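Note sheet for the following structure.
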Amino acid sequence: MRASYDVAIAGGGIVGAACAAECAAAGLSVVVVEPGPIGGGATAAGMGHIVVMDDSPAQVALTLYSRQLWIELARELPADVEYLPCGTMWVAAGEDEMAEVRRKKQVYDGIGVKAEVLGPQALAEAEPNLRPGLAGGLFVADDSVIYAPCAARFLLDRRPVERVAQRAVELTRDGIKLHDGTAIAAGITVNATGAWAPELTPGIEVRKRKGHLVITDRYPGFVHAVLIELGYLKSAHSTTADSVAFNAQPRRTGQVLLGSSRQYGAEDTAIETHMLHRMLQRAREYMPGLGELTAVRTWTGFRAATPDKLPLIGPVPGNERLYLATGHEGLGITTSLATGRLLADQVVGRPSAIPCEPYLPGRKQEASHG
Amino acid sequence: MAEAVKLSVNGGPVTVPAGAMVSAAVALAGVSAFRKSVNGEPRGPLCGMGTCFECRVTVNGRAHVRSCQVPCEAGMEVRTDAILLDVTRNPV
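From first to last, the protein sequence lines are chains A and B.
To convert, note that position 312 of the first sequence is 312 in this note's numbering; the numbers rise steadily by one, no gaps.
To convert, note that position 83 of the second sequence is 83 in this note's numbering; the numbers rise steadily by one, no gaps.
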């Protein structure tokens, strides 16, 4: 460990790793402070879905830019990242949701994202394990799935980044104070500790949003694309109530990863049977055959949620040497690469491919969608 | 001598005494790799009491059935050659 670095990053999840990799690629000396395994928190807990989302123009810009960076990186990803370019199938239950399919299609057409509208028969042929009688779907071909902890490790390994296996207890004006009292001096300090970021930077608008996941044994071909009910958007948008939505994902191993649930105010990592039950009930409404599969593991994780559903990327107002890279909610795997790029752009003062302003911590946040 | 039960393992006929477990039928068929691990390594029965999950086979199209826990039935179709997944390479 050196006495000082250009950039010291607290948090070795995929966002911290992407920020580290981009800063190192820009020629800066970088250290990552992470007490646990790399990518062992929300990065490991999440689904690893790389997806273009269209909640807001800023979300479209960030997810689309970041998905492009993933596509460019895909050929270099090692096998353990389990990159699976399977696409996303947005599933419409009824005609009201087909209207949403057509709206989404128009948005995607307008930004050059390949998307195909499927009627009931085409949907049933594409995903025979969905229940009969669904209205249709929207297939977004260039979305994909990765195993994110290995991606985080890959991002750190391909650049000269130092690691310190300790907990950051304080972000000072001059760097990071470690659990054992050691101080790491840095020109720029980055808080990339996800849902725990407010512990190191009090007052920022980041809340824990708990999720449950289930993974099955290997059933190759049971699902082909990442299947998400369009009702998912209602679940993701709710800023108060506990919610569940059908989200089934194929893995390279042939396993099926099942989500999703969202809860505020739940600090305990324990599985909550009532939430798990609701989530699996919802999944079986869409895929009755899921009930026949064997689950091998269930777990929970914490998303870092912000009021306006956009991450915080950039310097904290009043302290130009302290940066935030958190608040990615359920999109941290998708948007990690763009986050790293935008953060490094700001640190070295070079122009960005997309505007940074919508993600700056100093922005005025208004809760979206009630 | 117990009553005989006829079933198939990987498409070939096997006859076992009534009450025999599927694992016995698979062994009688001369199969030692009941399944493949995620990295393609052969796996077979270890505990014989439903705990180790190493003896899983496909029975009548249903995957991941513990063969040591299921008695043979007439006409049962058992497969140990379910699709091997290659997870050791990047698909792009």
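All residues carry an ideal CB built from backbone N, CA and C; glycine is no exception.
Quick caveat, the model's predicted, so the values are computed rather than measured.
Check each candidate in A:Val347, A:Ala338, A:Ser352, A:Ala21 and name the one with the smallest Cα separation from Ser66 (chain A).
-> Taking Ser66 (chain A) as reference, the option from A:Val347, A:Ala338, A:Ser352, A:Ala21 with the minimal CA-CA separation is A:Ala338.
When the Cα atoms are used, what is the spatial distance from Ala21 (chain A) to Ala148 (chain A)?
-> When only Cα atoms are considered, Ala21 (chain A) and Ala148 (chain A) end up about 15 Å apart.
Simplified DSSP state of Met89 (chain A), which is helix, strand or coil | In this structure, Met89 (chain A) counts as strand in the three-state DSSP scheme.
Pairwise C-alpha distance: Ile313 (chain A) and Tyr359 (chain A) | Straight across, the Cα-Cα distance linking Tyr359 (chain A) with Ile313 (chain A) is about 5 Å.
Whole-angstrom distance between Tyr264 (chain A) and Asp96 (chain A), CA atom to CA atom = Each residue's Cα considered, the two are about 28 Å apart.
Span of the alpha helix (DSSP H) around Ile146 (chain A) | For Ile146 (chain A), there is no enclosing alpha helix (DSSP H), as DSSP gives it neither H nor E.
Does the count of Cβ pairs from the region 218 to 229 of chain A and the region 282 to 296 of chain A closer than 8 Å reach three?
-> Because the criterion of three Cβ pairs below 8 Å is met, the region 218 to 229 of chain A and the region 282 to 296 of chain A touch.
Amino acids of chain A, ordered along the chain, whose beta-carbon sits closer than 8 Å to that of Val38 (chain B) | Near Val38 (chain B) (Cβ distances below 8 Å), the residues of chain A are Arg218, Thr253.
Using a C-beta to C-beta distance shorter than 8 Å, which residues of chain B count as neighbours of Thr294 (chain A)?
-> Residues of chain B with a Cβ closer than 8 Å to the Cβ of Thr294 (chain A) are, in chain order, His64.
According to DSSP, residues forming a beta bridge with Tyr264 (chain A) = Beta-bridge partners of Tyr264 (chain A) (DSSP): A:Arg209.
Can you check whether the CB of Gly19 (chain B) is closer than 8 Å to the CB of Ser32 (chain B)?
-> When the beta-carbon positions are compared, Ser32 (chain B) and Gly19 (chain B) stay at least 8 Å from each other.
For Gly332 (chain A), does the three-state DSSP call read helix, strand or coil?
-> Helix.
Beta-bridge partners of Tyr323 (chain A), as assigned by DSSP | Beta-bridge pairing links Tyr323 (chain A) to A:Val190, A:Pro315.
Leu46 (chain B), buried or exposed, once every other Cβ within 10 Å from all chains shown has been counted against 16 | With fewer than 16 other CB atoms across the displayed protein chains lying within 10 angstroms of its CB, Leu46 (chain B) is exposed.
Where the beta strand (DSSP E) through Gln106 (chain A) begins and ends = First-last for Gln106 (chain A): 95 to 110, but that is the alpha helix (DSSP H), not the beta strand (DSSP E).
Report the rounded CA-to-CA distance for Glu199 (chain A) versus Leu324 (chain A), giving the unit in angstroms.
-> For the pair Glu199 (chain A) and Leu324 (chain A), the Cα-to-Cα distance works out to about 13 Å.
How many angstroms separate the CA atom of Glu76 (chain A) from the CA atom of Ile50 (chain A)?
-> Between the alpha carbons of Glu76 (chain A) and Ile50 (chain A) lies a distance of about 16 Å.
Residues near Ala74 (chain B) by beta carbon distance below 8 Å, same chain, minus five either side = Once the five neighbours on either side are set aside, the close Cβ partners of Ala74 (chain B) are Val5, Lys6, Leu7.
Cα-Cα separation between His369 (chain A) and Tyr232 (chain A), rounded to whole angstroms = Unreliable positioning characterises His369 (chain A) in this predicted model, as indicated by a pLDDT of 49, which lies under 50. A coordinate reading is not provided.
Residues bridged to Asn129 (chain A) [DSSP beta-bridge criterion] | None, per the DSSP bridge assignment.
Under the three-state DSSP convention, the category Ser32 (chain B) falls into | Ser32 (chain B) falls in the coil class under three-state DSSP.
Taking just the CA atoms, how far does Leu280 (chain A) sit from Met49 (chain B)?
-> If you take the alpha carbons of Met49 (chain B) and Leu280 (chain A), they lie about 29 Å apart.
Taking the continuous beta strand (DSSP E) assigned at Thr172 (chain A), which residues delimit it?
-> Thr172 (chain A) -> beta strand (DSSP E) spans 168 to 172.
Distance, Pro355 (chain A) Cα to Met1 (chain A) Cα | About 35 Å.
Which listed residue (A:Val60, A:Gly48, A:Lys210) has its alpha carbon closest to that of Gly110 (chain A) = Per the Cα distances, A:Val60.
What first and last residue would you give for the beta strand (DSSP E) that runs through Arg163 (chain A)?
-> DSSP places Arg163 (chain A) in the uninterrupted beta strand (DSSP E) bounded by 162 to 164.
In three-state terms, what does DSSP make of His369 (chain A)?
-> Its pLDDT being 49, under 50, His369 (chain A) is placed unreliably by the model, and the measurement read from it follows with that caveat. Shown here, His369 (chain A) sits in coil according to DSSP, grouped into three states, outside any helix or strand.
Where Phe154 (chain A) falls: helix, strand or coil (DSSP) = DSSP places Phe154 (chain A) in the helix class (H, G or I) of the three-state scheme.
Taking one C-beta from the region 5 to 19 of chain A and one from the region 128 to 142 of chain A each time, how about it: are there three or more such pairs within less than 8 Å?
-> Contact between the region 5 to 19 of chain A and the region 128 to 142 of chain A is absent, with fewer than three C-beta pairs closer than 8 Å.
List the whole-angstrom C-beta distance separating Met47 (chain A) from Leu276 (chain A), where the pair is believed to meet the contact cut-off of C-beta under 8 Å.
-> The Cβ separation is near 16 Å, so there is no contact.
Which residues share a DSSP beta bridge with Lys6 (chain B)?
-> DSSP lists B:Thr15 as partners of Lys6 (chain B).
Specify, as a first and last residue, the run of the alpha helix (DSSP H) that Pro250 (chain A) falls within.
-> Pro250 (chain A) -> not in any alpha helix (DSSP H); beta strand (DSSP E) instead, spanning 243 to 250.
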